[in-house]
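Presented below is the structure to which this report refers.
Numbering (our numbering), first residue to last: 8 to 313.
Written as structure tokens, this is what we have:
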């Protein structure tokens, strides 16, 4: 990567087009002025539906400009002018989207609850395809918030409730993300019978796992007690899952540093320890495959009984 901070010439980087920047900024300012004027006119005429749309339009514009704080304010103000459950849910979705970008996870969970509790919406949520899409979006947003706040089991339950056929919101996350996050969180926190019922035998989540065949194999290997193969596969995908870990908050910091294991993977390994390692060591056995890594003693140290 070029060192932009050094201030030196970077021939590979495009030249900053100041004229383009100025042109776009002027257009954005003119559009903002128009939208603001329109909203004032709507308020003077006391047309609630127009006022609601005016706030949404302003929020959309601020979001396009990257001004997340003002976008959140505008979307939130639309709440006072909602006249139906559909309007309330739409307002919640807008607030949730910006709150995810702002990483305001408590806000995300709060507005997911508001949307799910909207009477007009909950009464028909199972009958309408659009509502299924909304429900899946809400579940995925809640899953992200729980994942970010380290409530992995709750995150797994939310992701597992997503509907594959209605998972179409790339601005939030992809179906592959749902498979990876949901599968890993379930693997790390579910008891064996929960894993069997809610993941392995789940007709809906099976469709997500087909997008991540390696993760599917990991889950099946773990369930079948083929732990060496499970760990080997985890090692193969360790660079793809849960990036940028905060190593300081993990018990086995040195092992994480040496092997670059994401925190959720380590959590899963420690769960393995609780479930079966003591029994294995009583028989004087060691998992085959622990020495498959050049520094295999790292995993052995994690897995040894206390």
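From the three backbone atoms N, C-alpha and C, an ideal C-beta is built for every residue, glycine too.
When beta bridges are read from the DSSP output, residue 176 appears opposite 180. Residue 178 holds the alpha-carbon nearest to the alpha-carbon of residue 100 among 71, 178, 37. A contact is defined here as three or more CB-CB pairs under 8 Å, and the stretch 72-87 meets this definition with respect to the stretch 100-115. Exposed is the label assigned to residue 198, since fewer than 16 other Cβ atoms lie within 10 Å of its Cβ.
Listed in chain order, the non-local C-beta contacts of residue 168 below 6 Å within the same chain comprise 146, local neighbours out to five positions each way being set aside.
Pairwise C-beta distances place the stretch 80-87 out of contact with the stretch 141-157, as fewer than three of them are shorter than 8 Å. Your pair residue 186 and residue 215 checks out as a contact, with CB atoms roughly 4 Å apart and the cut at 8 Å.
Between residue 163 and residue 151, the CB-CB gap reaches or exceeds 9 Å. Per DSSP, the continuous alpha helix (DSSP H) segment holding residue 101 begins and ends at 92-109.
If you draw a straight line from the Cα of residue 189 to the Cα of residue 58, it is about 39 Å long.
The continuous stretches of alpha helix (DSSP H) do not include residue 20, and DSSP gives it neither H nor E.
In the DSSP assignment, residue 43 falls within the alpha helix (DSSP H) that extends over 25-52.
When rounded, the separation of the alpha-carbon atoms in residue 125 and residue 117 is 13 Å. Rounded to whole angstroms, the gap between the alpha carbons of residue 40 and residue 53 is 20 Å. Taken in chain order, the complete alpha helix (DSSP H) segments of 4 or more residues contained in the stretch 152-176 are 159-167. According to the DSSP assignment, residue 66 belongs to the alpha helix (DSSP H) that extends over 55-71.
Annotated as distal: residue 228 and residue 218, with beta-carbon spacing of 9 Å or more. In the three-state reduction of the DSSP assignment, residue 125 falls in the coil class. Under a 10 Å Cβ-count criterion, residue 63 is classified as buried, with 16 or more other Cβ atoms of the shown protein chains found around its own Cβ. The residues 152, 155, 156, in chain order, have a CB closer than 7 Å to that of residue 112 in the same chain once the five nearest residues on each side in sequence are set aside. Counting only the Cα atoms, residue 245 lies some 23 Å from residue 203. Residue 43 is positioned such that its CB atom lies no closer than 9 Å to that of residue 70.
Under the rule that a run must span 4 or more residues, the alpha helix (DSSP H) segments found entirely inside the stretch 189-252 read 199-202, 212-216, 220-230, 234-243. For the pair residue 115 and residue 149, the CB atoms are nearer than the 9 Å cut-off. Following the DSSP letters along the chain, one finds residue 78 inside the alpha helix (DSSP H) bounded by residues 75-84. With a contact defined as Cβ atoms closer than 8 Å, residue 170 and residue 211 qualify at about 7 Å.
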